[in-house]
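What follows is a short report on a single structure.
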Amino acid sequence: MVALVWTPGAAHAQRKGRVHRCTASVREGRGPGSAVAEVGRLMPYRFPPKSSPLASIPGRGRACPAARTHAAPAVRPHAPTARSPPHVRRREPFPRSTLWNSFGFTRNVSNRVGPSRSTQRPAPPPPPGPGLPRAAHVTPPVVVETKPGTGSGAPAMTRLRLRASGAARCGRDLDTSSTVMFSEQAAQRAHTLLSPPSASNATFARVPVSTYTNSSQSFRLGERSFSRQYAHIYATRLLQMRPFLVSRAQQHWGDGIQIKKLCELQPGEKCCVVGTLFKAMPLQPSILREISEEHNLLPQPPRSKYIHPDDQLVLEDELQRIKLEGSIDASKLVTGTVLAVLGSVRDSGKFLVEDHCFAELAPQKPAPTLDTDRFVLLVSGLGLGGGGGESLLGTQLLVDVVTGQLGDEGEQCSAAHVSRVILAGNLLSHNTQSRDSINKAKYLTKKTQAASVEAVKMLDEILLQLSASVPVDVMPGEFDPTNYTLPQQPLHPCMFPLATAYSTLQLVTNPYQATIDGVRFLGTSGQNVSDIFRYSSMEDHLEILEWTLRIRHISPTAPDTLGCYPFYKNDPFIFPDCPHVYFCGNTPQFGSKIFRGPEDQRVLLVAVPDFSTTQTACLVNLRSLACQPISFSGFGAEDEDLGGLGLSP
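What follows is the structure, encoded as structure tokens:
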């Protein structure tokens with residue numbers, strides 16, 4: 005229900021300044037997490053006609069200009085009391101399109117929908133035609149724009165720009181865009197988006213998930229012990245990966261190739277060796293170098309990449325190690341990679357590499373055949389608690405799209421085909437870490453509240469809205485309140501007292517793997533990809549995802565440069581089988597591609613962008629394994645408006 009509440013200013017200010025403040029409060033009944041938008045504007049008042057019901061109220065000789073735009077039924081006056089001033093309340097629902105044009109809603113940085121800065125009173129709507137309601141004449145214009153995709157094979161992005169009155173003056177608009185869920189046909193009829201509701205309210209049932217299996221049990225930690233050394237995980241990784249690499253080496257170089265261990269090598273003898281790489285990097289940060297007192301050196305500044313031309317590769321097995329040289333690119337490899345190298349030992353004691361190979365993709369189960377389109381929404385990096393109002397508005401718009409609160413019947417019908425939502429980490433902002441409080445005295449911080457408390461409450465309300473409509477899987481991330489080392493354990497349910505009332509909410513691990521309607525999903529919150537990015541020359545996140553599939557390991561840099569639990573019986577980061585959808589969260593920009601393996605494996609690689617900076621989520625079609633973005637931000641709308649005025653740089 006939408007209600008309009010207005011309270012005029014003090015009577016003295018009205019008589020003396022001839023102005024009053026009209027405050028409107030729009031409340032949409034969508035449960036405890038519903039958004040509240042307040043609007044305030046200084047407008048010149050007018051005395052209502054004598055026939056108006058407002059004229060008969062003592063002290064109520066002035067009406068809100070926006071309320072007079074519509075033919076209002078009789079209102080019920082409230083008797084004034086000593087504690088609260090009298091006010092007039094409209095109890096009937098207000099058409100949304102009327103509110104948009106009367107108050108000039110625009111987007112602002114405080115996540116509150118407010119009027120435009122202009123002090124001019126909006127022009128009244130034209131008189132209704134025969135047989136048409138008044139609200140049909142005040143629908144704001146809808147501009148359909150298409151932005152071509154970046155890169156080869158990148159999908160185009162269609163945007164629906166809903167520009168309300170006053171938005172052209174301040175250069176801001178409200179954008180919702182997509183390419184799969186909101187088709188071009190739906191964009192053509194987007195003029196009904198802000199029209200009055202129809203007499204018959206259509207109801208669209210959510211497309212259910214026929215089969216769902218959470219396969220992340222290998223990432224769950226039972227009894228934890230950090231007293232073991234990390235040498236066990238490297239030995240276990242090599243032991244598990246050796247059969248795959250031996251089989252792959254025989255396929256690649258022939259069955260007659262000799263496969264030996266390092267202790268069996270003879271100078272000048274050509275053979276194949278399977279081992280684990282160690283990359284010696286001069287620029288790699290070291291805690292020993294930082295705390296060394298004898299050198300008295302300044303701490304090393306952070307870098308985006310730590311690669312250097314002097315980096316050297318060393319191959320290790322269970323007993324020995326040997327330096328590598330020859331036709332192998334050290335810049336594209338990282339520590340912890342298990343591979344097979346072909347070559348011979350030189351007199352200098354180094355292994356001259358002629359060729360090398362990886363384990364390649366694991367076997368893949370056939371993808372199911374679905375009759376209808378079903379979508380899984382991938383979102384990462386909500387960044388709650390960061391103080392950005394624009395990202396909060398985009399988050400609420402995203403929730404409204406998924407729950408069917410935004411759009412006409414066409415968009416709501418499409419939103420009903422979203423069968424699951426996966427939140428891939430960094431739900432809270434890095435500003436909620438409160439690391440400065442650690443260095444302060446306790447008496448200075450004993451009464452302060454952690455910055456993450458309010459952010460967790462906001463997250464609980466968002467999860468409540470989503471879980472009431474669609475199944476949601478919540479993965480932790482780098483800045484979320486859980487353990488830092490991989491695999492990250494699920495967030496504790498006590499932080500979400502409202503959302504955990506629904507069984508549709510699942511708190512899962514990072515990494516996370518599940519089977520949804522027969523489609524195998526595997527993804528992380530992005531720490532593994534970001535770490536490989538820093539210690540290799542690979543620039544594209546999709547390239548890194550493809551490379552981890554080829555080496556058959558999710559996070560090879562753990563535990564060297566990325567923290568992980570000291571496993572000793574098995575390495576859970578080895579791919580047991582090949583997924584159909586492989587994603588990573590919190591990337592700088594969106595990206596997707598289809599990667600095919602040597603045994604006809606077909607994998608959809610998805611780079612899920614950081615939502616707090618890009619306002620973009622991803623829709624994965626389970627039937628066709630296609631992924632396209634849905635964005636809630638403009639493509640440089642401010643620059644476009646300045647360019648139209650001839651003020652662009």
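Under the numbering used here, the first residue of the sequence shown carries the number 5, and numbering increases by one thereafter. Where a beta carbon is used, it is the ideal one built from N, C-alpha and C, also for glycine.
Close-in-space but distant-in-sequence residues of the same chain around residue i (CB under 6 angstroms, 5 per side omitted)
i: GLN555; result: The residue you asked about is not Gln; residue 555 is Ile in the sequence shown. THR341 and PHE362.
i: GLN262; result: CYS275
i: VAL533; result: HIS545, ILE548 and CYS588
i: ASN218; result: ALA518
i: GLY522; result: PRO372
i: PRO602; result: GLU364
i: ASP464; result: PHE500, LEU502 and ALA503
i: THR591; result: HIS545, ALA611 and PRO613
i: TYR234; result: PRO563 and PRO570
Reference residue i, options the options, closest by Cα
i: LEU317; options: SER331, LYS327 and TYR569; result: LYS327
i: ARG241; options: LEU281, SER395 and ASP333; result: LEU281
i: TYR572; options: SER231, LYS461 and HIS557; result: SER231
i: LEU266; options: TYR216, LYS354 and ASP315; result: LYS354
i: GLN605; options: PHE223, ARG325, LEU365 and ARG252; result: LEU365
i: LEU467; options: VAL380, LEU386, SER541 and GLN492; result: LEU386
i: GLY527; options: LEU609, ALA284, VAL213 and ARG325; result: LEU609
i: SER384; options: SER229, VAL213, GLN531 and PRO212; result: GLN531
i: SER507; options: SER540, ALA472 and SER529; result: ALA472
i: GLU543; options: SER220, ILE311 and LEU287; result: ILE311
i: ASN514; options: ASP321, LEU225, ARG325 and SER616; result: LEU225
i: GLY408; options: GLN368, ASP464, LEU470 and VAL380; result: LEU470
i: LEU626; options: ARG378, GLU482 and VAL213; result: ARG378
i: SER220; options: GLN270, VAL406, MET285 and LEU511; result: LEU511
i: MET285; options: GLY258, ALA239 and PRO313; result: PRO313
i: THR565; options: LEU287, LEU269, GLN255 and PRO212; result: LEU287
i: ARG538; options: ASN574, LEU396, THR339 and LEU509; result: THR339
i: ASP321; options: GLU329, LEU269 and GLN255; result: LEU269
i: ASN574; options: GLN493, TYR238, GLN233 and SER214; result: TYR238
i: LYS283; options: LEU337, PRO271 and GLU550; result: LEU337
i: PRO271; options: GLU329, LEU410 and SER352; result: SER352
Expected contact under 8 angstroms - CB spacing of residue i and residue j to nearest Å
i: LEU382; j: CYS622; result: 4 angstroms
i: ASN430; j: ASP375; result: That belief does not hold up - the Cβ atoms of ASN430 and ASP375 are roughly 36 angstroms apart, past 8 angstroms.
i: ASP315; j: SER335; result: 7 angstroms
i: HIS236; j: PRO570; result: 7 angstroms
i: GLY279; j: LEU319; result: 4 angstroms
i: PRO613; j: PHE599; result: With 8 angstroms as the limit, PRO613 and PHE599 do not qualify as a contact, their Cβ atoms being about 19 angstroms apart.
i: PRO520; j: TYR216; result: Correcting the residue type first, residue 520 is Ile in the shown sequence and not Pro. That pair is a contact at about 6 angstroms.
i: GLN244; j: ILE578; result: 6 angstroms
i: GLN228; j: LYS369; result: One detail in the question is off: residue 228 reads as Arg in this sequence, not Gln. So it is not a contact: roughly 32 angstroms between Cβ atoms.
i: ARG424; j: VAL474; result: 7 angstroms
i: VAL380; j: VAL607; result: Actually they do not touch by this definition, with Cβ atoms about 15 angstroms apart.
i: GLU482; j: SER529; result: 7 angstroms
Own chain, CB closer than 8 angstroms to residue i, minus 5 neighbours either side, in chain order
i: GLY567; result: TYR488, THR489 and LEU490
i: SER637; result: ASP179, GLU394, GLY398, THR618, GLN619 and THR620
i: GLY389; result: LEU432, SER433, ASN435, THR436, ALA455, SER456, GLU458, ALA459 and MET462
i: ILE2; result: Residue 2 lies beyond the range of the chain shown here (5 to 653); nothing can be said about it.
i: LEU323; result: LYS265, LEU266 and CYS267
i: VAL406; result: LEU381, ALA419, VAL422, VAL425, LEU470, SER473 and VAL474
i: LEU629; result: ALA371, VAL523, HIS584, VAL585, ILE598, ARG606 and LEU608
Closer than 7 angstroms: residue i CB and nearest the ligand SAM heavy atom
i: SER219; result: Absence of the ligand SAM is noted for the structure shown, with no ligands found whatsoever.
Own chain, CB closer than 7 angstroms to residue i, minus 5 neighbours either side, in chain order
i: ALA253; result: ILE261, ILE263, CYS276, ALA344 and CYS361
i: THR223; result: Checking the sequence, you will find Phe at residue 223 rather than Thr. These residues qualify, in order along the chain: PRO491, THR513, PRO515 and PRO576.
i: THR552; result: ILE558
i: GLN192; result: Residue placement at GLN192 cannot be trusted, given a pLDDT of 48 that sits under 50; what the coordinates show is reported in the next sentence. Around GLN192: no qualifying Cβ.
i: VAL213; result: SER423, ARG424, PRO475, ILE520 and ASP521
Residue-chain proximity (residue i, chain C), Cβ-Cβ < 8 angstroms
i: THR489; result: Within the model displayed, chain C is absent; a lone protein chain is all it includes.
Q. Going along the chain, which unbroken runs of the beta strand (DSSP E) with 3 or more residues stay wholly within the segment 550 to 618?
A. Those beta strand (DSSP E) runs which fall completely within the segment 550 to 618 and span 3+ residues are 585 to 591, 595 to 600 and 606 to 613.
Q | Whole alpha helix (DSSP H) elements within the segment 384 to 417, 4-residue minimum | A | The segment 384 to 417 contains these whole alpha helix (DSSP H) runs: 393 to 407.
Q: Assess, as a yes-or-no matter, whether the segment 572 to 583 is touched by the segment 274 to 292 under the definition of 3 or more beta carbon pairs within less than 8 angstroms.
A: No contact exists between the segment 274 to 292 and the segment 572 to 583.
Q) With a cut-off of 8 angstroms, do at least 3 Cβ pairs link the segment 472 to 492 to the segment 501 to 514? A) With a cut-off of 8 angstroms on Cβ pairs, the segment 472 to 492 is in contact with the segment 501 to 514, counting three or more such pairs.
Q) Taking three-plus beta-carbon pairs below 8 angstroms as touching, is the segment 558 to 566 in contact with the segment 390 to 410? A) No contact exists between the segment 558 to 566 and the segment 390 to 410.
Q | Every unbroken beta strand (DSSP E) inside the segment 200 to 253 [3 residues or more] | A | Segments of the beta strand (DSSP E) lying fully in the segment 200 to 253: 216 to 218.
Q.
List, from N- to C-terminal side, the alpha helix (DSSP H) runs of 4 residues or more that fit wholly inside the segment 497 to 532.
A. You should have found no qualifying run.
Q.
Would the segment 247 to 265 count as touching the segment 304 to 311 if we require 3 or more Cβ pairs under 8 angstroms?
A. Judged by pairs of C-beta atoms under 8 angstroms, the segment 247 to 265 does not touch the segment 304 to 311, as fewer than three such pairs exist.
Q.
Quick test of the definition: if touching needs 3 or more C-beta pairs under 8 angstroms, does the segment 207 to 219 touch the segment 414 to 430?
A. Segments in contact, yes.
**Q.** Entirely enclosed alpha helix (DSSP H) segments - the segment 314 to 369, minimum 4 residues
**A.** List check, alpha helix (DSSP H) in window: nothing returned.
Q: Mind listing, in chain order, the continuous alpha helix (DSSP H) runs of no fewer than 4 residues lying wholly within the segment 456 to 499?
A: Runs found: 456 to 471.
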